[in-house]
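S.K.: This is the structure, below, for whatever I ask next.
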Amino acid sequence: MLLSKNWSVGRRVSVILAATALAAALPYAVMRPLNAWVEPSSTAGVVLGLVGLVVIVFEMLLMLRKRYRRVRGWPPLLWNVRLWLWVHVVLGVAVLPVILVHGKYGFGGILPAATMALFLATIASGVWGLVVQQWLPQELIDEVPDETVASQVDRVAAGYIGKKPAVWSKEHDRDRTGEVFRLLESLTLEGAEPGEVLPVPGGGAAVEARSEALVRDKPAEELWLFCEGILVPYLERGRASLSPLRSEYEARRRFAQLRQTLPAEAFPAIDRLEQLAKYRREWDTQRRVNAWLHAWVPAHVGLSAAMTGLMFVHAVRALKFW
Amino acid sequence: MRPPRSPSRDRSDRFTGFRGYVRIPDRYATAKRMALLAALVLTGLWLIVEIWHPQAAAFHTHGELANPHAAWDHQCAACHVQHDIADLSWSNVLDANGRWHKLTCTKCHAGPAHHESVKEMGGEWAGFHDRCSNCHHDHGGRTNSLTDISDNHCVGCHRDVPHATGSDPSKFGAFASDHLEFRALRDFPAGQNYTPRKLKFSHAVHMTPGMVTTTRLNDKDERSGPLTAKRLKEAYSPEAFDRFAGLDTGSGVELKCASCHQLDAQLPPEGLGAALRGQPRAEGAYYLPVNYDASCKACHPIAAPLGKVFSLEVKGFPLPHRMERKQLTELLGGGYALGLLRAEQPGAEALLPGGRLDGVPPNRELSKFGVKVGSLAVNGMVGVKAACAKCHVPGKDDKLVAPLPQHTVWFPHAKFNHVSHRGLTCAECHPGTDRPAATPAYPINEVEPIAIRGVDSCRACHAPAGHEVKLPDTTVTRAAGVRHRCTDCHRYHNGEQPLHGLGSTTRDPRPPQTLAEFLKGGK
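Chains A and B, in that order, are what the protein sequence lines are. Quick note: the first sequence uses this note's numbering, first residue 1232, plus one each step. Quick note: the second sequence uses this note's numbering, first residue 4, plus one each step.
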């Protein structure tokens, strides 16, 4: 709403950072020349502290709202999670000057200092999250057209190799029934089933029945070696496998080399294998981007929860002596 | 031939067999839970420490206490009144400042009021004086001064002081720009004699080398001109010679300021205040009053004049200083009686202790003797009064001399430390007290003006660095930036007794504490 989707990423990020900086610096810029600070223990200071407390409690309620997102009530607008998130963002920036003024732009004793440090870290992590949310989703769409569920990348990629055994051991490894091996077998074994559909780019192609293997002898052996030694580990473990297929250039070169030894009829299947490697490469990228996109959330949640806890200790303690 | 499969189908096929993955938390969800747990643990640990740690108060302090209060750094309740939730009400829940500043300073500090009149004045500032922490700010670190108080604490009330005095309608703000001239100089500006002074003294005469005289000192003196120790000794007594030891340059006695003015830190003059020797002395902030016996007597001895009755002459005799009329009359009578006896009846010597008793005059003779003595004493008193008037302003009624105002402290509502300023010559701040350029015209026998430079001379040092200061001699200089707050000169507590020091009994805490009580913050 405040950040139009039609704006460029740079403009949206600039607005977020400028709004945060303005919220933090404006009261300071006003109070500093006048030397008119609000004492934390003055009536105004306490009111600001209480306002900050209420806002922070509301901010923390977002966690519960998202946990129980299916709960609905009246009026519907109040239960709208997207609206809730938008208010969370706006109040999160608005509470910054409230708390800074309450704290007289200082840290105070150990507990107020710890609370203030956690508060600032919470705000910083929130702003960071807001910034990456403006920028990375579009990057993801552009860079990873074949994205999948980020948490399932390893499982999905390994699904092209075979099924996972019920109990994993050296003897009971993943079975070799996945698409990679079916393609290999269709090329190197005799008697492919007529009418079998091979998933290849463009929607797949039917295999003609034939009496002998399409790829035989040394090329077949090299093909198996390539798949077993390079492609399968890459599909299984991605970048961690240190496979040369991590690099798009290297992958292109390797598959081009492979094609030179194979008949043209085998190219659709090789194209498919290359595409699987490309999927894995994209998904690795997706996982990396995803980490930037979501890793701030646990930090934000942890920091804000710790800050809220210490804030209540600070408030109760303050009531005792202040 | 089958139709080709769509890419969407291809995507959904990837999850065949494990579509329940959405129920399995990913690593970010797990991390989120761990972070929440860590936050919970952190808060819990903090609470445990808060409740059980004996020095948990340190977590909430605004900063270290100043050195005098260091013992209570971890004991908020030593100074602050504790409040419980039950003490909160709708009316005071927002008054955190009031609760926080509810202190118990008076357990250890009596802190007499500023002026009793402040309470009578009422108004918004009347209550200000009831709260110590309005001015004394602690928690500023060990080296923070609790008495180094910014000017705005004072000018809140005293902004209208110039207006109140009727001397200047402008508002008072800062020493460098707004401070009035010192009160004494407002009433008696430079060049105008300070009439409240009841002593006639000329610094110019006494600071002139040789203190040149145009007449003889007395009958024993054979010449006029510069005074030398030898000439004084011949004219007066050997004491005069001793008095000016080291000051006689041969061509005459050259006095210095310290010849007469002594700091309260210095050893009292020989023979004066002997009981004070070996006792602790003050730090030297002020000068002791000039003492006649130590400083003046050598040149200005007091003596009864030569008495004449009929054909008899009775010699004069030395008289002590600081005598009341009655005492002086008795001394004169006694002295003249002794002189008369010696002059007209040598046998009367027998009246003296150890003498013979056979020369006792008959009653009629005694009566005549008494009349003579009375006459001598009355005439002697006239002469003595004239001698007093050499330096003193005559008193009223039966007072021989007018009482001298006490001017050891010229600024009773401020503090000044001469020791701190002894790097300067005296005349820098006390104009007209140094050696005159030329021998002064005689006689100079009037009360001098106030020998204190105006407030501008203070500003040459005590003003913000670079502040333009116009000195009394109309030259303009830049201030040195030495401290210049109100509290650098002015005291606050017990303002109605400005000369009371910190040792004043009004500052005694009541009741005193035992050490154990004291370390717990008092009872």
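For glycine and all other residues, C-beta sits at the position ideal for the given N, C-alpha and C. Every value quoted in this text rests on a predicted model; they were computed, and no experiment measured them.
CA-CA distance, Ala390 of chain B and Val396 of chain B?
M.R.: Their Cα atoms are separated by approximately 11 Å.
S.K.: Mark Trp93 of chain B as exposed unless 16 or more other C-beta atoms lie within 10 angstroms of its C-beta, in which case mark it buried.
M.R.: With fewer than 16 other Cβ atoms within 10 Å, it is exposed.
S.K.: Buried or exposed for Lys371 of chain B, please, with buried defined as at least 16 other CB atoms from any protein chain shown within 10 angstroms of its CB.
M.R.: Looking at its Cβ environment, which holds fewer than 16 other Cβ atoms inside 10 Å, Lys371 of chain B is exposed.
S.K.: For Pro1430 of chain A, which residues in the same chain have their Cβ closer than 7 Å to its Cβ, ignoring the five residues on either side in sequence?
M.R.: Low confidence applies to Pro1430 of chain A: its pLDDT is 47, below 50, so where it sits in the model is not reliable enough to give any reading.
S.K.: Since Ser1273 of chain A meets chain B, which of its residues come closer than 7 Å, beta carbon to beta carbon?
M.R.: Near Ser1273 of chain A (Cβ distances below 7 Å), the residues of chain B are Asn100.
S.K.: Under 7 Å between beta-carbons, which chain A residues line up against Phe62 of chain B? List them in chain order, please.
M.R.: Within chain A, the residues near Phe62 of chain B are Gly1340, Ile1341 and Leu1342.
S.K.: Ala1537 of chain A versus chain B: which residues are under 7 Å apart at the beta carbon?
M.R.: Within chain B, the residues near Ala1537 of chain A are Ala42, Leu45 and Thr46.
S.K.: Counting C-beta neighbours from all protein chains within 10 Å, is the total for Lys393 of chain B 16 or more, i.e. buried, or is it exposed?
M.R.: By the 10 Å Cβ count, Lys393 of chain B comes out exposed.
S.K.: For Glu53 of chain B, go through chain A and note every residue whose CB falls closer than 8 Å to its CB, in chain order.
M.R.: Under the 8 Å cutoff, chain A gives Val1544 and Arg1548.
S.K.: For Lys236 of chain B, report the span of its alpha helix (DSSP H) as first-last.
M.R.: Counting along the chain, the alpha helix (DSSP H) containing Lys236 of chain B begins and ends at Ala232 to Ala238.
S.K.: So Ile88 of chain B contacts chain A; which residues on that side make the cut at Cβ distance below 9 Å?
M.R.: Within 9 Å Cβ-Cβ: Val1547, Leu1550 and Lys1551.
S.K.: Suppose the cutoff is 7 Å on Cβ atoms and the five residues either side in sequence are ignored; what does the same chain contact list for Val1282 of chain A look like?
M.R.: Counting only Cβ-Cβ distances below 7 Å, and skipping sequence neighbours, we find Val1329.
S.K.: If you drop the 5 nearest sequence neighbours on each side, which residues of the same chain put their C-beta closer than 6 Å to that of Asn147 of chain B?
M.R.: The residues are Ala69.
S.K.: In chain order, what residues of the same chain have a beta carbon less than 7 Å from the beta carbon of Leu1371 of chain A, not counting five sequence neighbours either side?
M.R.: The residues are Glu1378, Gln1517 and Val1520.
S.K.: How is Glu316 of chain B classed by DSSP in three states: helix, strand or coil?
M.R.: Three-state result, Glu316 of chain B: strand.
S.K.: Enumerated in chain order, which unbroken segments of the alpha helix (DSSP H) with a length of 4 residues or greater are wholly contained in the region 112-157 of chain B?
M.R.: Within the region 112-157 of chain B, the complete alpha helix (DSSP H) runs of at least 4 residues are 119-124.
S.K.: What first and last residue would you give for the alpha helix (DSSP H) that runs through Lys1394 of chain A?
M.R.: Lys1394 of chain A -> no alpha helix (DSSP H), and no H or E assigned at all.
S.K.: For Gln1383 of chain A and chain B, any beta-carbon pair shorter than 8 Å?
M.R.: Cβ-Cβ to chain B under 8 Å: yes for Gln1383 of chain A.
S.K.: In chain order, which continuous runs of the alpha helix (DSSP H) of length 4 or greater are located wholly inside the region 39-96 of chain B?
M.R.: Entirely contained in the region 39-96 of chain B, the alpha helix (DSSP H) runs reaching 4 residues are, in chain order, 79-82.
S.K.: Consider the Cβ of Lys523 of chain B: report whether some Cβ of chain A lies at a distance smaller than 8 Å.
M.R.: Not an interface residue.
S.K.: In angstroms, rounded to a whole number, what distance separates the CA positions of Pro528 of chain B and Lys375 of chain B?
M.R.: A question about residue 528 of chain B goes unanswered here, because the residues of chain B that appear run from 4 up to 526.
S.K.: Output the boundary residues of the beta strand (DSSP E) element that contains Arg481 of chain B.
M.R.: Val479 to Arg481 is the extent of the beta strand (DSSP E) around Arg481 of chain B.
S.K.: What does the Cβ neighbour count give for Phe313 of chain B, buried or exposed, with the cut at 16 atoms within 10 Å?
M.R.: Classification for Phe313 of chain B: exposed.
S.K.: Looking only at C-alpha atoms, which of A:Arg1405, A:Pro1464, A:Asp1448 and A:Leu1293 sits nearest to Val1320 of chain A?
M.R.: Per the Cα distances, A:Leu1293.
S.K.: What's the C-alpha gap between Leu427 of chain B and Cys82 of chain B?
M.R.: Computed Cα separation, rounded: 44 Å.
S.K.: Residues in its own chain within less than 6 Å of Gln1365 of chain A by CB, not counting five upstream and five downstream?
M.R.: Here the set comprises Val1240, Arg1243 and Val1244.
S.K.: Listed in chain order, which residues of the region 67-86 of chain B have Cβ atoms closer than 7 Å to some Cβ of chain A?
M.R.: Per Cβ criterion, the list reads Cys79, His83, Gln85 and His86.
S.K.: 8 Å is my cut-off, CB to CB: does Thr1379 of chain A come that close to chain B?
M.R.: By this cut-off, Thr1379 of chain A is an interface position.
S.K.: Using a Cβ-based criterion (distance less than 7 Å to any ligand heavy atom), does Lys223 of chain B qualify as near the ligand GTP?
M.R.: Summarising the ligand content, the structure contains no ligands, and the ligand GTP is consequently not present.
S.K.: Based on DSSP bridge pairs, tell me the residues matched to Asn1237 of chain A.
M.R.: None, per the DSSP bridge assignment.
S.K.: Spatial neighbours of Ala1275 of chain A within its chain, please: C-beta separation below 8 Å, excluding the five flanking residues on both sides.
M.R.: Val1269.
S.K.: Excluding the 5 residues flanking Cys263 of chain B on each side, which residues of the same chain have their C-beta closer than 7 Å to its C-beta?
M.R.: Once the five neighbours on either side are set aside, the close Cβ partners of Cys263 of chain B are Val293 and Ser298.
S.K.: Report the partner residues of Thr216 of chain B according to the DSSP bridge assignment.
M.R.: Looking at the DSSP assignment, Thr216 of chain B forms a beta bridge with B:Gly228.
S.K.: What's the C-alpha gap between Val1532 of chain A and Thr1353 of chain A?
M.R.: Between Val1532 of chain A and Thr1353 of chain A, the C-alpha separation is close to 8 Å.
S.K.: Starting from the beta carbon of Asp3 of chain B, find every residue of chain A whose beta carbon is closer than 9 Å, and list them in chain order.
M.R.: Nothing about residue 3 of chain B can be read from this structure; chain B reaches only from 4 to 526.
S.K.: Have a look at B:Gly506, B:Ala519 and B:His496 and flag the residue whose alpha-carbon is nearest the alpha-carbon of Arg134 of chain B.
M.R.: Looking at the Cα atoms, B:His496 is the closest of the given residues.
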